[in-house]
Structures are given as C-alpha cells and as structure tokens.
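Below is one structure, written out as structure tokens; comments come after it.
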Amino acid sequence: MSKLSRRTLLAATAASLATRALPASAAAPFAFKHGAFEVTVVSDGHLVLPTSFLAPSAPAAEREALLNAAGQTGEQYNSPTNVTVVRSERDLILIDMGSGDRFMPTAGKLWDNLKGAGIDKAKITKVVFTHGHPDHLWGTVDELDDLVTPDASFFVARAEWDFWTGENATRGLPAERAGFVTGARRNYAAIKDKVKLVNAEDDIVAGLRIIDTPGHTQGHVSIELAGSDGLIVGGDVLTHPLISFQYPQWKPIADHVPDQAIATRRKLLDRLATDRSKLIGFHLPYPGIGVVERKDAAYRFVPAA
Ligand SMILES: [Zn+2]
277 MSKLSRRTLL
287 AATAASLATR
297 ALPASAAAPF
307 AFKHGAFEVT
317 VVSDGHLVLP
327 TSFLAPSAPA
337 AEREALLNAA
347 GQTGEQYNSP
357 TNVTVVRSER
367 DLILIDMGSG
377 DRFMPTAGKL
387 WDNLKGAGID
397 KAKITKVVFT
407 HGHPDHLWGT
417 VDELDDLVTP
427 DASFFVARAE
437 WDFWTGENAT
447 RGLPAERAGF
457 VTGARRNYAA
467 IKDKVKLVNA
477 EDDIVAGLRI
487 IDTPGHTQGH
497 VSIELAGSDG
507 LIVGGDVLTH
517 PLISFQYPQW
527 KPIADHVPDQ
537 AIATRRKLLD
547 RLATDRSKLI
557 GFHLPYPGIG
567 VVERKDAAYR
577 FVPAA
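Residue numbers for the sequence shown follow the numbering used here, so the first one is 277 and each next one is one higher.
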C-alpha cells in the first residue's frame with residue numbers, strides 16, 4: 277500500500293465509522309481438506325481504504341464500471357483481510373499475522389476469530405509471512421511489543437527482510453509512509469532470534485513451499501501447498517476480485533514495484549488458469565478461495581465459497 281498517507285487513512289477510517297455501521301467482524305471460519313493438510317481461513321477484519329487506491333491511472337470510465345460491478349460506489353471501500361491457517365501432521369502454520377492493534381480499528385481481529393474457530397494460538401508452531409506490510413505483519417507483537425506466539429518459529433523471505441531492514445526502505449517509500457518502515461522493523465526486531473530467512477522453492481514443511489511473487493513489495497512471496505491440483509496462498513498479488521483478474525496491467529497504489537507486480541500478476545494468473553490450482557487471496561471477499569479461468573484476453577475469479 278504505497279503512497280498511503282497515515283493521515284488520509286485515519287481520516288478515511290474515522291469518516292467510515294461515522295457514516296455507516298460496521299459489518300460483522302467475525303465471519304464463520306471456512307475450513308477444508310487439501311492433500312495432507314487441513315486449511316482454515318480466518319478473518320482479521322477488514323481495511324477501509326480510499327477507492328482511488330485501486331487503480332488511479334486506469335481509464336476512468338472503465339474503472340467506474342468495474343467498481344460499480346463490485347458494489348464499490350463510494351469514496352471508500354472495505355478490503356477484507358483473510359489469514360490462512362494450515363494444519364499438517366506435526367505443525368500448526370499461520371500464513372501472515374494480520375494488522376494487530378495499531379493499524380486500523382476495523383482490523384486486528386485475528387486472535388478473537390481464531391479462538392472462535394476453535395484454534396488455540398498457543399499451539400501455532402510456524403508463521404510464514406508473504407510480505408512486510410502492516411496488515412500482514414503488525415499482528416506479530418501485542419500492545420507491549422511482546423510476541424503473540426512466543427513459541428513459534430518465523431519464516432521471512434530474505435529479499436523482504438533485506439528491503440525493510442535496509443536503507444532503501446525509507447528511500448523507496450514516500451516520506452509519509454515512514455510509519456510502515458518503523459512498524460516493519462518493530463515487528464522484525466521481535467522475531468529476529470527466531471526467524472529463518474527463506475528463498476523461492478524452500479519448503480517450510482513437506483508439501484508447503486515458498487514461491488517467488490515479487491513486485492507488490494520487493495520480496496513478496498506466495499505459498500504453494502501440494503495436493504490435488506494445488507493451492508496457492510497468493511498474499512497481495514491479486515487483491516481485487518474484478519480488477520486484478522480483468523485488468524492485471526492496472527497499477528494499484530499498493531504495489532512498490534508496479535511493472536514487476538504486473539509481470540508477477542500475469543505469470544500467476546496464467547499458472548492458476550492452466551493448472552486449475554485453487555487460490556486464496558488475502559484481500560479477496562472472505563474466504564477469498566476460488567479458481568481462475570481465462571476470459572476474453574484476460575481472466576476471471578470464480579469463488580469456491
Ligand atoms: Zn495486504
């Protein structure tokens with residue numbers, strides 16, 4: 277979510293709270309078997325974002341029509357945040373940790389919703405991060421900066437760790453988003469003794485593998501689960517149920533390296549449509565699970581639930 281001014285965000289959030297009722301925060305957990313794994317998608321709540329973030333440079337009429345079709349007619353929209361939990365024979369694995377309590381009042385519901393799904397956070401053994409943005413990383417620590425899952429080990433893509441901890445993090449982002457860097461470093465500092473830096477093709481456990489999907493952020497990765505036609509937990513490669521599929525070339529404000537993000541989107545879409553693998557999208561409508569089909573010269577998302 278680059279160029280995201282904290283002030284804009286806070287104003288947008290406040291306005292939203294004032295003008296409409298919040299949707300129910302606790303969606304019923306969605307769970308299914310996939311190969312040797314049991315997969316549960318748990319909501320962390322949602323983000324409230326300016327609609328203009330979706331694709332500011334796209335042709336206005338086409339963008340308008342698409343947003344209307346997605347039911348997004350106002351200045352702001354709610355972006356769901358779906359956290360994936362994978363149970364293997366020996367491990368309970370969390371993919372991303374949600375926003376925690378310092379990003380937006382509408383998010384940070386993961387721990388309550390996990391409990392509602394009958395999952396004990398104390399039993400989480402491994403945490404894998406797709407990238408270092410607030411809505412994926414800031415739930416790592418509690419209000420005292422202590423780890424929420426102190427017994428877990430953590431897995432971060434090497435390129436992502438290097439980006440947020442290196443000099444280019446502040447150079448590559450607009451000044452008003454320095455808070456994102458501070459937040460990433462705060463959460464990374466809490467895991468530094470327990471983190472394992474990983475690369476593309478590394479297995480976290482047998483059948484659960486890191487795949488390289490850079491562009492949204494410099495070191496953004498997705499997670500592939502073996503079994504039947506495959507399942508890819510795609511993080512923020514495909515963030516909107518219509519735009520990301522019909523117009524993968526449009527540039528959401530959130531992408532750090534826009535042209536690389538477009539190339540990654542096209543590559544993942546092609547793979548998903550060819551392999552018929554399932555996709556779980558972090559920001560797609562809960563539970564964010566579906567398959568991708570080719571449509572005209574592009575693609576469409578077909579929700580499975
Ligand atoms: Zn995100």
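Where is the CB? At the ideal position from N, CA and C, for every residue including glycine.
- When Cβ pairs closer than 8 Å are counted between the two stretches, the region 425-442 is seen to touch the region 458-466, the count reaching three or more.
- Between V424 and K397, the C-beta gap is smaller than 8 Å, which places the two residues in contact.
- In this structure, T406 sits away from A383, with a CB-CB distance that is not shorter than 8 Å.
- For F306, the shortest separation between its Cβ and any heavy atom of ligand 1 does not lie below 7 Å.
- In the DSSP assignment, D535 falls within the alpha helix (DSSP H) that extends over 534-551.
- Looking at the DSSP output, Q352 bridges to P326.
- With fewer than three CB-CB distances shorter than 8 Å, the region 492-505 does not count as touching the region 318-336.
- Between the beta-carbon of H559 and that of S375 there is about 12 Å, and that puts the pair past the 8 Å contact cut.
- In the structure shown, H412 falls within a helical segment according to DSSP collapsed to helix, strand and coil.
- Around the beta carbon of G347, fewer than 16 other beta carbons lie within 10 angstroms, which makes this residue exposed.
- For S520, the three-state secondary structure derived from DSSP is helix.
- H559 has its Cβ nearer than 7 Å to a heavy atom of ligand 1.
- The beta carbons of P563 and F306 sit closer together than 8 Å.
- Residue environment for K399: exposed (fewer than 16 other C-beta atoms within 10 angstroms of its C-beta).
- The C-alpha of T493 is placed about 16 Å away from the C-alpha of R542.
- Take D418, set aside five residues on each side of it, and the residues of its chain with a beta-carbon closer than 7 Å to its own are V424, in chain order.
- In this model, K468 and D377 are separated by some 21 Å (Cα to Cα).
- Each residue's CA atom was taken as its position, placing N389 and V362 some 15 Å apart.
- It is roughly 37 Å from the alpha-carbon of A580 to the alpha-carbon of A445.
- Taking C-beta separations shorter than 6 Å and ignoring five residues to either side along the sequence, the partners of D478 in its chain run I486, following chain order.
- With fewer than 16 other beta carbons inside 10 angstroms of its own, D427 counts as exposed.
- In the DSSP assignment, G566 forms a beta bridge with L555, P579.
- Scanning its chain for C-beta atoms nearer than 7 Å, with the 5 sequence neighbours on each side dropped, one finds around L413 the residues M373, F405, A460, N463, in chain order.
- At a threshold of 7 Å, D411 counts as near ligand 1, since its beta carbon sits closer than that to one of the ligand's heavy atoms.
- In this structure, DSSP gives E365 a state outside helix and strand, which the three-state scheme calls coil.
- Here D531 is near G491, since their CB atoms are less than 8 Å apart.
- Between N475 and R434 a beta carbon distance of about 6 Å is seen, short of the 8 Å cut, so the two are scored as contacting.
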